[in-house]
Amino acid sequence: MKLDAYVRKGFTPNSPSPRLMDWLETWYHERAEANLRPNSRRSYENAIVRLNKMAGARRINSLGHKDMADIQDGLKCYSPKTATITWSVLKNALEAARDENLIRRNPAKMVRPVSASSSSLKVNPPSLPDDG
Numbered sequence: 820m821k822l823d824a825y826v827r828k829g830f831t832p833n834s835p836s837p838r839l840m841d842w843l844e845t846w847y848h849e850r851a852e853a854n855l856r857p858n859s860r861r862s863y864e865n866a867i868v869r870l871n872k873m874a875g876a877r878r879i880n881s882l883g884h885k886d887m888a889d890i891q892d893g894l895k896c897y898s899p900k901t902a903t904i905t906w907s908v909l910k911n912a913l914e915a916a917r918d919e920n921l922i923r924r925n926p927a928k929m930v931r932p933v934s935a936s937s938s939s940l941k942v943n944p945p946s947l948p949d950d951g
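So the mapping is simple: the numbering used here equals the position in the sequence shown, first residue as 1, plus 819.
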C-alpha cells in the first residue's frame, strides 16, 4: 500500500496506532480480499467479526502476549477449524502491520498457535437402552 493511502486513513508511523478493528478492515479490503475465493472471503469476514468482539478496540501497537492468550482463550469455544482460521487471519493481518512498520513485532508469532482442546469439544455418549 502506498504511504499516501495510509496517511488518508490515518495510518502512519507518527500517528496513533490504529485500532485492531480498523487495521483488520483495511488489511482485508486492500490486501487479502482480492486473492480469496468466495467461501474463503466469508471465513475471513467471520473471523474478523470474532476478533473485533474480542480485541477490536485495542491499538495494534499495544497488543502483547496477554492479549494473544486472551484471544486464544476466547477461541476455545469454537471448532478447531474456526479457531485456526481466526488465528491465521489475526497473525497474517498483524504481520502485514509489521511489514508496514505500524508495529515492531507480530505478537501473534510470540505464542503457540491455538490448538483444539479435547475438553472444549465434549461429546455426550449415546444413552443406553432401558432393560426394564
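Don't be surprised by glycine CBs; every beta carbon is placed ideally from N, CA and C.
Query	Result
Spatial neighbours of Asp-785 in its chain, beta-carbon cut-off 8 Å, leaving aside the 5 residues before and after	One cannot answer for residue 785 here, as it falls past the ends of the chain, which runs 820 to 951.
Between the CA atoms of Val-930 and Ala-888 - distance to the nearest angstrom	8 Å
Residue(s) in a DSSP beta bridge with Arg-878	Arg-838
DSSP state of Arg-861 mapped onto helix, strand, coil	helix
C-alpha gap between Pro-835 and Asn-858, whole angstroms	34 Å
Buried versus exposed, by CB contacts within 10 Å (16 or more), Ala-853	exposed
Length of the line joining the Cα atoms of Ser-881 and Thr-845	18 Å
As assigned by DSSP and simplified to three states, the class of Glu-919	coil
Beta carbon proximity, Pro-926 to chain B, threshold 7 Å	Among the chains of the structure shown, chain B does not appear; only one protein chain is present.
Endpoints, the alpha helix (DSSP H) within which His-848 is located	Where His-848 is concerned, there is no enclosing alpha helix (DSSP H), given that its DSSP letter is neither H nor E.
Proximity winner among Gly-883, Ile-922, Ala-916, relative to Ala-851 (alpha-carbon distances)	Ala-916
Rounded separation between Arg-838 and His-884 - CA only	17 Å
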